[in-house]
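Peer 1: In the working numbering, the protein residues as written are 4 to 313.
Ideal placement from N, C-alpha and C gives every residue a C-beta, glycine not left out.
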């Protein structure tokens, strides 16, 4: 435990020093000079904390306030021979949705777009709810990763069918199935023969498909963070959950599902590498919304989620 604590402290110190150095813009300019000749850096990926655990993994006490609304580098990623810069800010999605933060949010977008220009990259990918939030933005243009995420999720469902589901299981409950990503996933899954049961707040007080009770079924969670909590009491042991939501389900939610005999898996992302790796269920993978397009199915990373992992 002491060694792990020292390792975490070391990561925070390194990230903090790099973030301070990047305030000058010099590291970005050096990479940009290299990149304009070799073209090996192709994207910037921006993510946000999502939970207090993520903030605590990167931010030294007392300085996180300074770096709010300042996208800072936390790692580099590599996929199919291409490099990208991973950036983040110590905040949660509620910060982006608060109208009182509109001016600060605009400044964050300006800083992120400026960094991409200095690096000489044209692709900016963003995590979580940001693609929808930024759809009407005039500050920067982000890459539309909807089809990429849909392709990765469908690849993950196929992997679950091969590895964990009983033969002949064709029912999938899609939590968030009417959303931006969910509607595309439902269309793709139906084309593959899945019987999709959509549960989404967009349809009003959506009823859980209790007519499937005690049948083997996959529950695919691609809804908003924490939405699954409202449906746990209606679950049965034959349900297997595949979570795509950022961040992973909390320890409390996993415990509640385990008490009902439900197994939980998490889609960590697609094959690739981020250095240093993202914590809390995102190790050894690149988030789906950061991935580069590929032909065919993605090589996905699916991990079992236990109470000791989140």
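Just confirm the distance between the C-beta atoms of residue 290 and residue 272, as a whole number of angstroms; I'd bet it's less than 8 Å.
Peer 2: 5 Å
Peer 1: On the three-state DSSP scale, how would you describe residue 158?
Peer 2: helix
Peer 1: Note down, in chain order, each residue of its chain lying with its Cβ closer than 6 Å to the Cβ of residue 225, except the 5 sequence neighbours on either side.
Peer 2: 179, 184, 185 and 247
Peer 1: If distances are taken between C-alpha atoms only, which option among 125, 137, 188 and 293 comes closest to residue 177?
Peer 2: 188
Peer 1: Grab the span of the beta strand (DSSP E) containing residue 82 for me, first residue to last.
Peer 2: 75 to 82
Peer 1: Rounded to whole angstroms, what's the CA-CA distance from residue 250 to residue 268? Just pull it up for me.
Peer 2: 13 Å
Peer 1: Per DSSP, which one or two residues make a beta bridge with residue 121?
Peer 2: Its beta-bridge partners do not exist; DSSP assigns none.
Peer 1: Taking only the alpha-carbon atoms, compute the straight-line gap between residue 256 and residue 40 and give it to the nearest angstrom.
Peer 2: 49 Å
Peer 1: Would you check if there are 3 or more beta carbon pairs closer than 8 Å linking the segment 226 to 244 to the segment 202 to 218?
Peer 2: yes
Peer 1: Measure the beta-carbon distance from residue 123 to residue 35 and round it to whole angstroms, keeping in mind my assumption that it falls under 8 Å.
Peer 2: 5 Å
Peer 1: Any idea what DSSP makes of residue 92, helix, strand or coil?
Peer 2: strand
Peer 1: Are the C-beta of residue 149 and some C-beta of chain E separated by less than 7 Å?
Peer 2: Reference to chain E is not applicable here, since this structure consists of a single protein chain.
Peer 1: Determine the extent of the alpha helix (DSSP H) in which residue 190 is found, giving its start and end residues.
Peer 2: 183 to 194
Peer 1: Looking at the unbroken alpha helix (DSSP H) that takes in residue 1, where does it start and where does it end?
Peer 2: Outside the shown range of the chain, which is 4 to 313, sits residue 1, and nothing can be said about it.
Peer 1: In angstroms with no decimal places, state the Cα-to-Cα distance between residue 170 and residue 164.
Peer 2: 8 Å
Peer 1: Would you kindly work out how many angstroms separate the C-alpha atoms of residue 127 and residue 211, rounded to a whole number?
Peer 2: 37 Å
Peer 1: Which word fits residue 304, buried or exposed, when buried means at least 16 other C-beta atoms lie within 10 angstroms of its C-beta?
Peer 2: Answer is buried; the Cβ neighbour count reaches 16.
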